[in-house]
Amino acid sequence: MYMITFKLIGSCGSVTAPNDVRDLLTAHFAPADGIEHVTATGVAGGDRIDLVFFSLANSEAEAMLTARAACLRALERAPELIAWRLSDGAAGNGPGIR
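Just so we're aligned: 255 in this note's numbering is position 15 of the sequence shown, and the numbers increase by one with no gaps anywhere.
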């Protein structure tokens, strides 16, 4: 099992409870993603949420890519998360970041 971390950044004064964000993200994960558990912790100010993914994968690189893809998929599909994006410093940052 691998532990992968990401940061979500909110815009326009977005205030969403970290547990709500976690639930919205995980609702869009697929069994093939191999993500066993996600934790979400809010940071003072409410404009950042730290995510920790626990992933069953064959390698750390696979875990990172799969967790990132699952997170991006959820951000694109859940209208409640429209104000959130992966931080520019997120591992595997690239096309698809809003």
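Note that CB positions come from ideal geometry on N, CA and C, so glycine has one too.
I think residue i touches residue j, with their Cβ atoms under 8 Å apart; what is that distance to the nearest whole Å?
| i | j | result |
| --- | --- | --- |
| L291 | T245 | 7 Å |
| I275 | S295 | 5 Å |
| H268 | A318 | 6 Å |
| V261 | L321 | 7 Å |
| A297 | Y242 | 6 Å |
Closest by CA to residue i, which one among the options?
| i | options | result |
| --- | --- | --- |
| R308 | F293, N298, I322 | F293 |
| W324 | D287, H268, G282 | D287 |
| C311 | L265, D328, Y242 | L265 |
| A272 | L315, A303, D328 | A303 |
In its own chain, which residues sit with a C-beta less than 6 Å from the C-beta of residue i, not counting the 5 before and 5 after it?
| i | result |
| --- | --- |
| G282 | P258, I289 |
| A314 | L265, H268 |
Residue i by DSSP, collapsed to three states: which one?
| i | result |
| --- | --- |
| M243 | strand |
| L326 | strand |
| I337 | Bear in mind that a pLDDT of 34 at I337, under 50, signals an unreliable position, so the number given afterwards is only what the model happens to contain. Looking at I337 - three-state DSSP - the assignment turns out to be coil, as it is neither helix nor strand. |
| T306 | helix |
To which residues of the same chain is residue i closer than 8 Å at the C-beta, ignoring the five residues directly before and after it?
| i | result |
| --- | --- |
| D263 | none |
| K247 | R288, I289, D290, L291, L326, S327, G329, A330 |
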